[in-house]
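A short write-up of the structure that comes next.
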Amino acid sequence: MATTKYNPLIMLTITIFITHSTTTTKANSNNLHQEKQSHLHIYLHGIVSSPNPTVIRVAAANTTYKSPTTFGSVAVLDDPLTEGSDARSRLIGRAQGSYMFASKEEVGLLMVVNLR
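This is the structure:
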């Protein structure tokens, strides 16, 4: 059986906290009303090594492989978004887009992602 390998950088279970926090006050019959606040926790799983990877490197500079930060590497992704941190938890959507390693001195990602 093939083992699924997660890229620790991406997989730090890139926990995306999409926080919709609206705290406004409205006058409502001489009472002040405060709207509710919601915190959504969505887990993105980038699978780089398996029979069916969700992240694929599409470009790299000649110096990328010598760089400790893999500067210059570009990848595309179609990652599952789940309810929990376990990749087998309920699928609630997908993150699709690309990212590049954009720093020579530290690990820095520039990501462009659509959530669906």
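With mature numbering (1 follows the signal peptide of the UniProt record, and there is no 0) applied, the sequence shown covers -23 to -1, 1 to 93.
Positions of the beta carbon are idealized from the N, C-alpha and C atoms, including for glycine.
Option in the options with minimal Cα separation from residue i
| i | options | result |
| --- | --- | --- |
| residue 93 | 76, 81, 66, 54 | 54 |
| residue 66 | 76, 20, 16 | 20 |
| residue 48 | 74, 34, 13, 84 | 84 |
| residue 58 | 80, 17, 11 | 17 |
| residue 44 | 80, 61, 76 | 80 |
| residue 72 | 24, 13, 11, 10 | 24 |
Short Cβ contact (8 Å threshold) for residue i with residue j
| i | j | result |
| --- | --- | --- |
| residue 50 | residue 41 | yes |
| residue 95 | residue 38 | Coverage of the chain is limited to positions -23 through 93, which leaves residue 95 absent and any answer about it impossible. |
Beta-carbon separation (whole angstroms), residue i vs residue j, contact threshold 8 Å
| i | j | result |
| --- | --- | --- |
| residue 31 | residue 63 | That belief does not hold up - the Cβ atoms of residue 31 and residue 63 are roughly 16 Å apart, past 8 Å. |
Counterpart residues of residue i in DSSP-defined beta bridges
| i | result |
| --- | --- |
| residue 59 | 20, 68 |
Residue i versus residue j: straight-line alpha-carbon distance, rounded
| i | j | result |
| --- | --- | --- |
| residue 88 | residue 78 | 9 Å |
| residue 46 | residue 82 | 7 Å |
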